[in-house]
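*Asks:* Numbering-wise, the numbering used here puts 108 at position 22 of the sequence shown, and it's gapless, one number per residue. Note that the Cβ used here is the ideal one computed from N, Cα and C, for glycine as well. Bear in mind the structure is a predicted one, so any value in this text is a computation, not a measurement.
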Amino acid sequence: MTETEVTDALGEIAPVAAPDVNSPPVARQMDGNVAVLTMQSAPHNFLGEALLDGLLEGLRWAEERGARAVLLRSGLRNFCAGADLAIFQSAQRGVAPDLDLAGALKVFDELPIPIVAAVHGVCVGGGFEIALACDLVVAAESAKIGSVEATIGMNPLMGAIQRVTQRAGAARAKEMALLARRYDARTLERWNIFNRVVADDKLAAVSLTLAQELAGGPTVAHASTKAIVSHAVEHGVRAADDAMKDLQKEFWKSRDLKEGLASIAENGPGAARFEGR
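1. Please report the distance separating the alpha-carbon of Ala-309 from that of Leu-197.
2. Is Val-120 closer than 8 Å to Gln-298 when the C-beta atoms are compared?
3. Excluding the 5 residues flanking Asp-170 on each side, which residues of the same chain have their C-beta closer than 7 Å to its C-beta?
4. In this structure, does DSSP put Leu-141 in helix, strand or coil?
5. With DSSP as the reference, identify every bridge partner of Ala-121, one or two as the case may be.
6. Can you find the residues in the same chain that come closer than 6 Å, C-beta to C-beta, to Gly-207, ignoring five residues on each side of it along the sequence?
7. Taking the straight line between their C-alpha atoms, what separation do you get for Lys-260 and Thr-124?
8. Could you tell me whether the Cβ atoms of Ser-202 and Gly-232 are closer together than 8 Å?
9. Should the segment 136–150 be regarded as contacting the segment 175–182, the criterion being three or more beta carbon pairs within less than 8 Å?
10. Tell me where the alpha helix (DSSP H) around Leu-133 begins and ends.
11. Could you tell me the boundaries of the beta strand (DSSP E) in which Ala-203 lies?
12. Expressed to the nearest angstrom, what Euclidean distance is found between the alpha-carbon atoms of Glu-215 and Asp-195?
13. Which first and last residues belong to the beta strand (DSSP E) in which Leu-222 is found?
14. Return the CA-CA distance between Gly-255 and Val-315, expressed in angstroms with no decimal places.
15. For Ala-357, which residues of its own chain have a beta-carbon under 8 Å away from its beta-carbon, when the five flanking residues on both sides are left out?
16. Please tell me whether Phe-360 and Glu-336 are closer than 8 Å, where the distance is taken between their beta carbons.
17. Between Lys-331 and Asp-221, how many whole angstroms is the CB-CB distance? I'm expecting something under 8 Å.
18. Could you check the C-alpha separation between Pro-200 and Ile-247 for me, to the nearest Å?
19. Does DSSP put Gly-354 in a helix, in a strand, or in coil?
20. Quick check on Lys-335: does DSSP put it in helix, strand or coil?
21. So which of Val-112, His-321, Met-262 has the shortest CA-CA distance to Trp-147?
22. Taking 6 Å as the limit between beta carbons, can you name the residues of its chain near Ala-266, skipping five residues before and five after?
23. Please tell me whether Leu-296 and Ala-226 are closer than 8 Å, where the distance is taken between their beta carbons.
24. Which full runs of the beta strand (DSSP E) of 3+ residues lie inside the segment 245–329, going along the chain?
25. With respect to the alpha helix (DSSP H) encompassing Ile-216, which residues constitute its N-terminal and C-terminal limits?
26. CA-CA distance, Val-284 and Ala-153?
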């Protein structure tokens with residue numbers, strides 16, 4: 087897939103008309119060191135094979151372009167209103183879809199670049215799970231979020247149950263998956279599932295600023311942070327303690343650390359300018 091520029095200003099994320107039928111499901115552009123991935127699979131970014139492939143290609147593209155942070159957003163009225171029901175045709179044969187959903191989540195997790203999701207509109211089902219796969223989630227106050235799979239006789243396929251369990255506890259995970267309701271963004275923030283909620287008209291600016299802040303930081307250390315968190319989640323705190331030396335070895339060799347140490351000695355904290363190397 088070739089690089090496709092989005093046409094709106096990065097400071098605006100508003101409901102827009104459907105892109106041209108020939109538009110790719112995910113538009114890609116660089117804003118400085120931030121890779122901006124904009125889902126635009128009309129009408130509502132239903133998650134199917136094409137959109138999922140577009141997201142994974144976009145993440146790989148971001149790494150190839152040397153991006154130091156990723157902003158994932160939607161250019162349509164909704165972030166992602168659930169799955170494309172076409173992927174569930176295999177249910178007629180009594181089997182799961184032939185999609186490597188766990189592998190998709192692994193790409194998000196193992197990308198050595200922080201990913202910020204900007205959520206607005208409806209974010210349910212697979213869309214909620216894509217947001218959960220990102221490192222930080224900023225949501226518009228009016229967003230509606232949920233695990234709604236029980237309404238069609240199934241439960242989440244991309245890890246929402248276990249990720250909500252990890253962040254908010256078993257009781258909340260069961261509530262969300264069993265009742266299949268939509269929740270307001272403030273509730274998800276209070277439950278520690280999303281990082282922050284902002285006024286609708288501030289979502290674009292806040293999420294981009296957050297991505298820019300991450301991109302301007304010591305991104306070699308950021309990659310280590312992602313790896314340590316993932317190791318702790320998967321194996322426990324003691325195992326993460328044992329693995330830390332190995333998971334931190336790259337930033338000890340980085341130019342960023344040398345710059346940070348020199349800067350704090352000369353200028354005090356907060357003045358270092360990092361290159362991500």
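*Replies:* Quick answer:
1. 8 Å
2. yes
3. Phe-132, Leu-133, Gly-134
4. helix
5. Met-116, Val-156
6. Arg-163, Asn-164, Phe-165
7. 31 Å
8. Reading off the sequence, residue 202 comes out as Val, not Ser. No; because the gap between Cβ atoms is not below 8 Å, this pair is not in contact.
9. no
10. Element bounds for Leu-133: n/a, residue is neither H nor E.
11. 201–205
12. 13 Å
13. 222–226
14. 17 Å
15. Ser-349, Ile-350
16. no
17. Not a contact, Cβ separation roughly 23 Å.
18. 22 Å
19. coil
20. helix
21. Val-112
22. Val-234, Ala-236, Thr-237
23. no
24. 282–284
25. 212–219
26. 25 Å
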